[in-house]
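Step one of this worksheet: look at the structure below.
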Amino acid sequence: MNGQTNIVLKIIMAPFLFLISFIKHFFIGVKFIFFDCFHNSSKKQRKTFKEPTINNPSASITKMQKDIRENLANKEYYHFSGTDIEGKRITGTMLANSKITLNNFLANEGINVSSIKKAPFYNMLKSLGLDSEKPLSTKELIFWLTQVSTYLRAGLTLNDTIKIMTKQASKDSNKNKLYRAISYELTLGENFSTALEKQGKVFPSLLINMVKSAEATGELTKTLEDMANYYTEIDKTHKEMISAIIYPTILLVFALAVLTFIMVYVIPEFIKVYNQAGIVVNGFTLTVINISKFITSNLNYLSIIALIVIITMLFLYKKSKLFRKVIQTFGMHIPFFGKIIIYHELTLFTKTFASLLRNSVYITNSMEILTNITNNEVYKGIMIETINNIARGEKISLSFYNKWCVPDVAYYMIVTGESTGELSLMMEKVANYYNDLHKSRVTNLKSFLEPVMIVLLALIVGIVILAVVIPMFSLYGQIG
385 MNGQTNIVLK IIMAPFLFLI SFIKHFFIGV KFIFFDCFHN SSKKQRKTFK
435 EPTINNPSAS ITKMQKDIRE NLANKEYYHF SGTDIEGKRI TGTMLANSKI
485 TLNNFLANEG INVSSIKKAP FYNMLKSLGL DSEKPLSTKE LIFWLTQVST
535 YLRAGLTLND TIKIMTKQAS KDSNKNKLYR AISYELTLGE NFSTALEKQG
585 KVFPSLLINM VKSAEATGEL TKTLEDMANY YTEIDKTHKE MISAIIYPTI
635 LLVFALAVLT FIMVYVIPEF IKVYNQAGIV VNGFTLTVIN ISKFITSNLN
685 YLSIIALIVI ITMLFLYKKS KLFRKVIQTF GMHIPFFGKI IIYHELTLFT
735 KTFASLLRNS VYITNSMEIL TNITNNEVYK GIMIETINNI ARGEKISLSF
785 YNKWCVPDVA YYMIVTGEST GELSLMMEKV ANYYNDLHKS RVTNLKSFLE
835 PVMIVLLALI VGIVILAVVI PMFSLYGQIG
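Residue numbers (our numbering): 385 to 864.
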């Protein structure tokens, strides 16, 4: 009872917490635009970053991130033009340390440079923090990983591999720019992981940390192949999850559309017939007619209200952690469907965790990555609790003990993995087990929902039609 009361209070408080958060971030944004940007652009030569102190066990990786930020701050965008070996004109924009390093890089790429000059517009976007590229889609990432691992397996060097991919992407300006930027960093002597990290949010942190570990162990090709398989499996799981959500949603929308059409266009025609014939309708039919009149008279207002409610909920879900957690908690308690969400999250977590442990990524770094893998606030809370437990020297399994969203089977398998020293193997087994359960649930859901939704739609429409047809029998009786 207390738990339900707390959830209700959280729902009531959500709009007020969101308003406070909105005002806070509004003033932060005003400060950024009118002070920080002006301050940074007026002092281009002073490019330093002060790293905040983070009370987090995963803060060991912040030094590299700091160095990368400082390195990026010292770079500027340049427009370049020239001709390749075949005499074809080449133009582009790149982020580089200086004209000299860019010229040397382009010459090494076989480009006869004719002009290099600063790109003021791109540099202005950089000063505002608006120059970052969007992340690669899962499909693009899988294709990229497969290409790189295949070329490396064939005996090509990493730099030659990226150069070949740059030429192959000559018709795709975004990909060409990305590959050329990676090749530039490699030419300057940077590690592959650092070159990927310097591309901002293009590559996921999971992949960057995996590559970083592979560079230390000398198993880069195998790691890239494993990551391609990993993202392929994750993509399949995501598609199954989306399919499980979209299918009933489409049926529900279709049912509402049919019902609305009947109430707005069909029933009013029957009302005209009743009025002309002077038929006195019963209470059941009268209720349906009144509902139809209300919907018809207020259709525009109802549509606007429904649209506002949907947009508000989507906005709150995206911006408010509290609101998102309440909705996710509610979703995971829905009979049958809730299990699909839980199995999906457990599969995603354990499969990712197993890959991290198998590639010798530090446990604290693993937890930081895992908190960014999922958008589920319930499981994010467990990850944060795990990080704190590790900092206190406690077991990982303690965070999963007696949690309503963690089945007992998963918990005891994690405990067994810790006890035997085979945590990565156990995580892989848990991932496979719950992935099979997830697939089975999705298949059963589709098989179950199709006849249920058809019967439900037929029942609703049948009741409405019956309500308006019954008075017609009295009309036939009068005529007879």
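No residue lacks a Cβ here, since even glycine has one placed at the ideal position from N, Cα and C. None of the values given here were measured: they were computed from a predicted structure.
In terms of residues, what are the limits of the beta strand (DSSP E) holding residue i?
{"i": "Tyr614", "result": "Looking at the DSSP string, Tyr614 is not in any beta strand (DSSP E); the run it does join, the alpha helix (DSSP H), is 604-645."}
{"i": "Val497", "result": "496-502"}
{"i": "Leu479", "result": "473-480"}
{"i": "Tyr461", "result": "460-467"}
Count the other C-beta atoms from every protein chain shown that fall within 10 angstroms of the C-beta of residue i, then say buried if there are 16 or more, exposed otherwise.
{"i": "Val595", "result": "buried"}
{"i": "Met385", "result": "Note that Met385 has pLDDT 47, beneath the 50 cutoff, so the model's placement of it is unreliable and no number is given."}
{"i": "Arg776", "result": "exposed"}
{"i": "Phe645", "result": "exposed"}
{"i": "Gly846", "result": "exposed"}
{"i": "Tyr614", "result": "buried"}
{"i": "Ser442", "result": "Confidence at Ser442 is low in this model, with a pLDDT of 41, below 50, so its placement is unreliable and the value that follows should be read with caution. Under this definition Ser442 is a buried residue."}
{"i": "His423", "result": "Any answer about His423 is weak, because its pLDDT of 43 lies below 50 and its placement is not dependable; what the coordinates show is given next. So His423 counts as exposed."}
{"i": "Leu683", "result": "exposed"}
{"i": "Arg473", "result": "exposed"}
{"i": "Phe638", "result": "exposed"}
{"i": "Arg537", "result": "exposed"}
{"i": "Asn743", "result": "buried"}
{"i": "Leu732", "result": "buried"}
{"i": "Glu834", "result": "exposed"}
{"i": "Ser521", "result": "exposed"}
{"i": "Ile634", "result": "exposed"}
{"i": "Phe433", "result": "For Phe433, the predicted model reports a pLDDT of 33, less than 50, meaning its position is unreliable and no value from the coordinates is stated."}
{"i": "Ala842", "result": "exposed"}
Are residue i and residue j closer than 9 Å when you measure CB to CB?
{"i": "Phe481", "j": "Leu572", "result": "The sequence shown places Asn at residue 481, rather than the Phe named in the question. Yes, these two residues count as a Cβ contact at 9 Å."}
{"i": "Glu569", "j": "Lys582", "result": "yes"}
{"i": "Ile753", "j": "Thr736", "result": "yes"}
{"i": "Cys789", "j": "Met837", "result": "no"}
{"i": "Arg825", "j": "Asn759", "result": "no"}
{"i": "Leu670", "j": "Ile679", "result": "no"}
{"i": "Ile774", "j": "Met751", "result": "yes"}
{"i": "Ile675", "j": "Met647", "result": "yes"}
{"i": "His622", "j": "Ile724", "result": "no"}
{"i": "Lys502", "j": "Tyr462", "result": "yes"}
{"i": "Val657", "j": "Met856", "result": "yes"}
{"i": "Thr550", "j": "Asn560", "result": "yes"}
{"i": "Ser781", "j": "Val762", "result": "no"}
{"i": "Thr541", "j": "Gln531", "result": "no"}
{"i": "Val852", "j": "Val672", "result": "yes"}
{"i": "Val814", "j": "Val839", "result": "no"}
{"i": "Tyr818", "j": "Thr734", "result": "yes"}
{"i": "Met767", "j": "Ser783", "result": "yes"}
{"i": "Phe464", "j": "Thr485", "result": "no"}
{"i": "Val497", "j": "Gly539", "result": "no"}
Just how far apart, CA to CA, sit residue i and residue j?
{"i": "Leu740", "j": "Gln552", "result": "31 Å"}
{"i": "Glu493", "j": "Asp468", "result": "9 Å"}
{"i": "Lys483", "j": "Ile500", "result": "7 Å"}
{"i": "Asn488", "j": "Leu509", "result": "26 Å"}
{"i": "Glu517", "j": "Gly602", "result": "29 Å"}
{"i": "Ala738", "j": "Glu599", "result": "19 Å"}
{"i": "Ile344", "j": "Ile695", "result": "Because the chain here runs from 385 to 864, residue 344 falls outside it and cannot be looked at."}
{"i": "Gly471", "j": "Ile495", "result": "9 Å"}
{"i": "Met811", "j": "Gly801", "result": "8 Å"}
{"i": "Leu809", "j": "Leu706", "result": "35 Å"}
{"i": "Asn593", "j": "Leu636", "result": "43 Å"}
{"i": "Thr475", "j": "Leu730", "result": "47 Å"}
{"i": "Asn575", "j": "Ser567", "result": "11 Å"}
{"i": "Glu806", "j": "Tyr727", "result": "22 Å"}
{"i": "Ser803", "j": "Asn772", "result": "20 Å"}
{"i": "Leu512", "j": "Val586", "result": "18 Å"}
{"i": "Tyr535", "j": "Leu608", "result": "11 Å"}
{"i": "Asn507", "j": "Lys459", "result": "9 Å"}
{"i": "Val710", "j": "Ala661", "result": "53 Å"}
{"i": "Asp757", "j": "Leu479", "result": "First, the residue type needs correcting, since residue 757 is Ile and not Asp in the sequence shown. Approximately 29 Å between the Cα atoms of the pair."}
{"i": "Gln712", "j": "Ile854", "result": "44 Å"}
{"i": "Leu525", "j": "Ser589", "result": "13 Å"}
{"i": "Thr578", "j": "Ala690", "result": "48 Å"}
What are the boundary residues of the alpha helix (DSSP H) that residue i is part of?
{"i": "Ala579", "result": "576-581"}
{"i": "Ile679", "result": "667-681"}
{"i": "Pro652", "result": "651-661"}
{"i": "Lys709", "result": "705-716"}
{"i": "Asn560", "result": "557-571"}
{"i": "Gly801", "result": "792-804"}
{"i": "Gly722", "result": "721-742"}
{"i": "Val595", "result": "589-601"}
{"i": "Asn487", "result": "483-492"}
For this session: Report the residue ranges of all alpha helix (DSSP H) runs contained in full by the segment 524-552; include only those spanning at least 4 residues, in chain order.
Result: Taken in chain order, the unbroken stretches of alpha helix (DSSP H) that lie wholly in the segment 524-552 and span 4 residues or more are 542-552.
Problem set entry | Entirely enclosed beta strand (DSSP E) segments - the segment 761-790, minimum 3 residues | The segment 761-790 contains no whole beta strand (DSSP E) run of 3 or more residues.
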